[in-house]
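Please read the structure below before turning to the comments.
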Amino acid sequence: MERDLRSLGGELESYPVLELVPLLAERQATGLLTLERGALRRSFDLSKGAVVRASSSEPREYLGQMMVDYGMVSSHEAASAFWDQEAKRVLLGKVLPMRGALDEPRVREALLLKIRESLLDCYRWTHGTYLFEPGEVAEARGLEVAVRLSELHREALHRAREWRRFRKLFPSPEAKLLAVDGKHGHAVQPDEEIIVELAREGLTVRKALDAFRDGEYRAYRRLAGLVDKGFLEVVPAQDVPPSDRELARDRLELAKRLLAIGRPAEAVTLATLASAGMPSRVASVVLRDARVELALRLADELLSAEGVPHIGPDAHELGRLDLPPAERYLLLRIDQTHNLRQTVREAPMGELEALRILQRFVEEGILVFREEVPAKRAAAK
């Protein structure tokens, strides 16, 4: 039975996700749960103790990009679906089956996967903030899915044991992976075979994780599987690099100095790295201030440009541009728009990220601004 639950908010350092989720599950909570760490914000719609929707401020975690990373759809299919989503005002989960790119069971699988991985990853956050606001959630406009909070919590406890094993097996991201020759009696997946081949030339755990695109937990699990089956051997790093916390402190101090002298772009980069290496309230504040300053500067430079944005002459064949689906979608939205400011403000990846992408488009000639010829003058010609 659902029990009344007031708004909750605070620091994850004092009230971690490990304790928050069981409370929301036990109270059969309905409302919006928002978790933030540095620049990353994840939101979860809850209905009677279950997560029914998940969203993120990180473009790499958008549903379309996630489907590409997990090999469910191609980059071209995802980009085309993004465009149809806007043009037809239909959610991506509905557009893909309509286009025949993915059937509904697979879309449902992707939605459930997004919910699970998004919240389970938050269990590892030691710093950040949480906010739960009770209230009815909006009715689903796409496929309906739900994952019980109690089920997610049980899986998180299981994963915690696996994470302890991963840390023991891979003591440092700089540890080397060596390929082990011989008959193993086990099959290996094609993408895993690439890792084994790279290990013959010298491969660190960090680089191997980057090669897998299906999430950190799954990547570690697959690496551990290759070690267990005898395909790989872990060799501890000889030279111990500075700890993540030491690097994070140095980066945070440099980010503060860069922000003070008017270099917000570099400050954002360093503050983001610092927040990832040592999440804290101070790092979050510095990152927030740097992002605000950078957004103001980019908006002043880009949104005041004269003329109407057009796709550049060298970029008209979009198929040749190796752009992620979200960027391709943004480019199509910006092309020939007369309200660039509103388009950027409403971009799904957030205003700052949209401005940074827009800046790169202009620098690379993908987007150009042209003075528009009034209709009467054009007709006279």
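In our numbering, the protein residues as written are -3 to 377.
Ideal Cβ positions, reconstructed from N, Cα and C, are used throughout, including at glycine.
Note that the structure is predicted; figures quoted are calculated from it, not measured.
Pairwise C-alpha distance: Ser3 and Ile362: Locating residue 362 in the sequence shown gives position 366, counting from the first residue. Locating residue 3 in the sequence shown gives position 7, counting from the first residue. Distance between the alpha carbons of Ile362 and Ser3 is about 46 Å.
Ala279 beta carbon less than 8 Å from that of Leu248: As a working mapping, residue 248 is identified with position 252 in the sequence shown. As a working mapping, residue 279 is identified with position 283 in the sequence shown. Against a cut-off of 8 Å, the Cβ pair of Ala279 and Leu248 comes out as a contact.
Pick from Met345, Leu199, Lys203, Pro186 that is closest to Lys172, judged by C-alpha positions: Within the sequence shown, residue 172 is the residue found at index 176, counting from 1. Checked all of Met345, Leu199, Lys203, Pro186; the closest Cα to Lys172 is Leu199.
8 Å Cβ cutoff met for Gly45 and Gly131: Sequence index remark: in the sequence shown, residue 45 carries index 49 (1-based). Sequence index remark: in the sequence shown, residue 131 carries index 135 (1-based). Not in contact: Gly45 and Gly131 (Cβ atoms no closer than 8 Å).
Given Ala220 as reference, the closest of Leu205, Leu108, Glu113 once Cα atoms are compared: Numbered from 1 along the sequence shown, position 224 holds the residue referred to as residue 220. Of the listed residues, the one whose Cα sits closest to Ala220 is Leu205.
Neighbour-count burial assignment, Ser300, 16 or more Cβ in a 10 Å radius: Here residue 300 refers to the residue found at position 304 when the sequence shown is read from its first residue. The residue in question, Ser300, is exposed, as its Cβ has fewer than 16 Cβ neighbours within 10 Å.
Test item: CB-CB of Leu108 and Val143 under 8 Å: If you number the sequence shown from 1, residue 108 lands on position 112. If you number the sequence shown from 1, residue 143 lands on position 147. In this structure, Leu108 sits near Val143, with a CB-CB distance shorter than 8 Å.
For Phe162 and Leu29, believed in contact at Cβ under 8 Å, the rounded distance: Counted from its first residue, the sequence shown places residue 29 at position 33. Counted from its first residue, the sequence shown places residue 162 at position 166. Contact doesn't hold; Cβ gap of about 27 Å is too wide.
CB of Val281 within 8 Å of CB of Leu145, strictly: Translated into positions along the sequence shown, residue 281 becomes position 285. Translated into positions along the sequence shown, residue 145 becomes position 149. Taking a C-beta distance under 8 Å as the contact criterion, Val281 and Leu145 do not qualify as a contact pair.
Sub-8 Å separation of Arg245 and Met274 beta-carbons: As a working mapping, residue 245 is identified with position 249 in the sequence shown. As a working mapping, residue 274 is identified with position 278 in the sequence shown. Yes; because the gap between Cβ atoms is below 8 Å, this pair is in contact.
Anticipated Cβ contact below 8 Å, Leu283 with Val304, distance rounded: On the sequence shown, position 287 is the one that residue 283 refers to. On the sequence shown, position 308 is the one that residue 304 refers to. Actually they do not touch by this definition, with Cβ atoms about 34 Å apart.
Min CB distance Ser271 to chain B below 8 Å: Considering every chain present, this structure includes no chain B. It has just one protein chain.
Segment contact flag, the stretch 319 to 330 with the stretch 339 to 351, C-beta cutoff 8 Å, min 3 pairs: By the Cβ rule, the stretch 319 to 330 counts as touching the stretch 339 to 351, because three or more pairs are nearer than 8 Å.
Whole runs of the beta strand (DSSP E) within the stretch 213 to 251, excluding any shorter than 3 residues: With a minimum length of 3 residues, the continuous beta strand (DSSP E) runs that stay inside the stretch 213 to 251 are 228 to 231.
Run of the alpha helix (DSSP H) containing Tyr126, from where it starts to where it stops: Along the sequence shown, one-based indexing puts residue 126 at 130. For Tyr126, there is no enclosing alpha helix (DSSP H); the residue is part of the beta strand (DSSP E) that begins and ends at 125 to 130.
N- and C-terminal bounds of the alpha helix (DSSP H) containing Leu327: Position 331 of the sequence shown, counted from the start, is the residue given in the question as residue 327. Run containing Leu327: 321 to 330, per the alpha helix (DSSP H) assignment.
Secondary structure of Val288, DSSP reduced to three states: Residue mapping note: residue 288 aligns to position 292 of the sequence shown, counting from 1. Val288: helix per DSSP, three-state reduction.
Cβ-Cβ distance between Asp22 and Ser114 below 8 Å: In the sequence shown, residue 22 corresponds to position 26, counting from 1. In the sequence shown, residue 114 corresponds to position 118, counting from 1. Sequence inspection shows Glu at residue 22; the Asp mentioned does not correspond to that position. Contact: no.
One or two residues paired with Ala200 in a DSSP bridge: Start at 1 with the first residue of the sequence shown, and residue 200 comes out as number 204. Here residue 200 turns out to be Thr, not Ala, going by the sequence shown. Under the DSSP definition of a beta bridge, Thr200 partners with Lys172.
DSSP beta-bridge partners of Ser52: Your numbering for residue 52 matches position 56 in the sequence shown. Assignment of beta-bridge partners to Ser52 by DSSP yields Arg38.
Best match in His72, Arg202, Gly211 for proximity to Tyr66 [C-alpha to C-alpha]: Counted from its first residue, the sequence shown places residue 66 at position 70. For the residues His72, Arg202, Gly211, the minimum Cα distance to Tyr66 belongs to Gly211.
Nearest-angstrom Cα separation, counted from Ser53 out to Leu254: Translated into the one-based positions of the sequence shown, residue 254 becomes position 258. Translated into the one-based positions of the sequence shown, residue 53 becomes position 57. As the crow flies, the alpha-carbon of Leu254 is around 25 Å from that of Ser53.
Span of the alpha helix (DSSP H) around Val162: In the sequence shown, the residue the question calls residue 162 occupies position 166. The sequence shown places Phe at residue 162, rather than the Val named in the question. Unbroken alpha helix (DSSP H) run through Phe162: 145 to 165.
Helix, strand or coil at Pro305 [DSSP, three-state]: As a first step, residue 305 is located in the sequence shown; it is residue number 309 there, counting from the start. Of the three classes helix, strand and coil, the one that applies to Pro305 here is strand, per DSSP.
Beta-carbon spacing of Leu250, Leu269 below 8 Å: For this step, residue 250 is matched to residue 254 along the sequence shown. For this step, residue 269 is matched to residue 273 along the sequence shown. Contact: no.
Cβ-Cβ separation, Leu88 to Leu59 (assumed contact under 8 Å), whole Å: Walking along the sequence shown from the start, residue 59 turns up at place 63. Walking along the sequence shown from the start, residue 88 turns up at place 92. Contact flag correct, Cβ pair sits at about 6 Å.
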